[in-house]
């Protein structure tokens with residue numbers, strides 16, 4: 003389980019010596035009290051670290067360099083308690099490589115009408131100093147999130163928490179290793195991309211491994227380990243009779259367990275956080291990995307089918323954002339449509355690999371033939387997904403930039419049972435409606451593979467795109483095709499002018 007408390011958000015307070023030592027002592031006390039308050043917020047399951055009040059260019063630069071080099075620091079929050087002349091921040095902001103949040107708040111909520119004087123005004127100058135800081139970050143085109151409001155308000159703390167989770171995902175991506183078993187599905191375009199540029203942009207590396215490398219690890223798995231894992235399957239799922247002890251498909255379940263144990267060992271020993279497989283390269287495997295992939299995703303691994311390394315890395319990042327939140331997150335694919343004019347819907351699924359974190363009820367462990375891959379029948383978890391709001395997100399390589407596309411959807415239960423559909427599945431209505439959403443997705447070049455999440459909203463993904471410096475397109479309730487086409491044209495022009 004990922005412990006977010008091991009990650010630090012540094013709190014930087016801006017001021018200056020103009021107001022004297024008494025004012026600076028008060029700024030220090032107020033800032034520490036604010037940090038203590040944020041640390042108690044349920045929206046911020048991170049360690050918020052108070053840093054000494056910054057009053058000189060040298061102190062600001064040194065603090066930003068220190069933040070860059072601190073492995074556990076995922077980002078910094080800057081707050082201008084008083085007026086902090088912005089030229090002092092230029093060197094530090096130029097050097098700062100960690101995500102930045104500009105908190106525009108005031109320590110005390112209300113104006114003390116009967117006692118307010120100029121000393122109070124000078125001490126509580128967020129309205130003044132925050133605008134100065136806002137100018138210099140805008141002048142420097144510094145990526146940041148701006149949060150405005152009183153710091154004790156739930157809505158303000160929630161926005162800070164969203165940014166911190168996006169910063170955590172960015173932090174996790176730096177040095178992330180993605181193992182690619184086999185290559186891309188042959189002749190498919192959208193799952194390809196520039197792996198070198200991805201490492202430059204996002205920080206994760208993608209490298210290929212032969213399926214034989216995995217098989218060599220699997221061969222070292224002993225019967226006792228397989229027995230133990232099969233017992234876990236029987237305790238956690240409703241297992242069909244043919245895979246129970248004495249059943250004719252029992253060996254298939256044991257083969258699936260060997261694959262899972264081999265995958266876990268390979269990924270753990272290599273310090274990988276995400277991986278891909280492809281049904282076109284299964285040499286030495288008895289079956290296409292299915293159950294193992296479902297279970298590994300639920301433990302936080304990213305995954306992409308058919309060699310889709312972009313979705314694998316993105317899934318890991320979204321899972322990082324979602325730690326401890328209600329709802330699950332999974333690899334997904336738009337599979338087929340329900341085109342009833344009164345309620346058009348999308349049925350999402352995959353051959354096998356849907357994460358059990360999005361299951362509505364206890365999954366059923368079944369085994370069925372797989373019409374592609376040419377291997378033995380693979381076990382898989384079969385379930386429906388609960389209703390509720392969700393996001394479908396894809397990452398595509400547009401040649402001169404990466405593009406993140408988000409569609410907000412409403413997940414619904416199936417209208418009828420699906421007794422012959424042998425896979426986990428989700429049914430949703432895309433916003434603003436089927437025609438607009440699908441048209442916009444296709445115009446944007448969206449992939450058929452997505453990251454489906456019932457815990458991470460568009461705001462998280464917007465913050466993540468800002469931190470990573472990638473294009474973001476959102477398809478939501480307000481989307482119209484006319485405006486969306488304009489946004490595509492404007493973005494194309496913008497990225498030609500400012501490619502990075």
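Residue numbers (this note's numbering): 3 to 502. Note that CB positions come from ideal geometry on N, CA and C, so glycine has one too.
- For the set 40, 28, 282, the Cα lying nearest the Cα of residue 159 is the one of 40.
- Residue 431 and residue 224 have their C-alpha atoms some 46 Å from each other.
- With fewer than 16 other Cβ atoms inside 10 Å of its own Cβ, residue 150 counts as exposed.
- Within a 10 Å sphere around the beta-carbon of residue 350 sit 16 or more other beta-carbons, which makes this residue buried.
- Nearest to residue 144 by C-alpha distance, out of 128, 42, 95, is 95.
- Using a Cβ distance threshold of 8 Å, residue 438 and residue 481 count as a contacting pair.
- One Cα belongs to residue 306, the other to residue 141, and the distance between them is close to 39 Å.
- Taken in chain order, the unbroken stretches of beta strand (DSSP E) that lie wholly in the segment 294-349 and span 3 residues or more are 304-306, 331-340.
- Assigned with DSSP and collapsed to three states, residue 197 falls in helix.
- Residues of the same chain with a CB within less than 6 Å of the CB of residue 251, apart from the 5 flanking positions on each side, are 244, 245, 369 in chain order.
- The beta carbon of residue 125 lies closer than 8 Å to those of 21, 25, 28, 29, 83, 84 in the same chain, with the five residues before and after it left out.
- Per the Cβ contact rule, the segment 202-214 is in contact with the segment 277-292 (3 or more Cβ pairs under 8 Å).
- If you ignore the 5 residues before and after residue 483, its C-beta comes within less than 8 Å of the C-beta of 438, 441, 442, 445, all in its own chain and listed in chain order.
- Contact annotation: the segment 151-170 touches the segment 43-50, with at least three C-beta pairs closer than 8 Å.
- Annotation: the continuous beta strand (DSSP E) that includes residue 392 extends over 390-399.
- Between the alpha carbons of residue 269 and residue 359 lies a gap of roughly 20 Å.
- Per DSSP, the unbroken alpha helix (DSSP H) holding residue 28 starts and ends at 23-41.
- For residue 112, DSSP assigns no beta-bridge partner whatsoever.
- Here residue 92 is actually not in contact with residue 50; their C-beta atoms are around 26 Å apart, not less than 8 Å.
- Burial is judged here by how many other beta carbons sit within 10 angstroms of a residue's own beta carbon; residue 328 has fewer than 16 and is exposed.
- By the C-beta density criterion, residue 234 is exposed, having fewer than 16 other C-beta atoms within 10 angstroms.
- Cβ contact annotation for residue 312 (same chain, cutoff 6 Å, sequence separation greater than five): 195, 397, in chain order.
- Inclusion of residue 380 and residue 289 in the CB contact set at 8 Å is warranted, their separation being smaller than that value.
- Of the residues assessed, residue 172 falls on the buried side of the cut-off, its CB having 16 or more other CB atoms within 10 angstroms.
- Just so you know, the alpha carbons of residue 201 and residue 207 end up roughly 5 Å apart.
- Beta-bridge pairing by DSSP links residue 414 to 429.
- A direct Cα-Cα distance of roughly 23 Å separates residue 363 from residue 322.
- Comparing alpha-carbon positions, the option among 110, 135, 134 lying closest to residue 123 turns out to be 110.
- Just measuring C-alpha positions, the residue of 177, 210, 101, 34 sitting nearest residue 184 is 210.
- Between residue 100 and residue 69, the C-beta spacing is below 8 Å.
- Taking C-alpha positions only, residue 330 is separated from residue 303 by approximately 13 Å.
- Ranking 54, 240, 114, 272 by CA distance to the CA of residue 34 puts 54 first.
- Per the C-alpha coordinates, the member of 389, 460, 451 positioned closest to residue 428 is 389.
- Across the structure, residue 264 and residue 240 are spaced so that their CA atoms are roughly 24 Å apart.
- In this structure, the alpha-carbon of residue 105 lies about 23 Å from that of residue 174.
- With contacts defined by Cβ atoms closer than 8 Å, residue 425 and residue 356 form a contacting pair.
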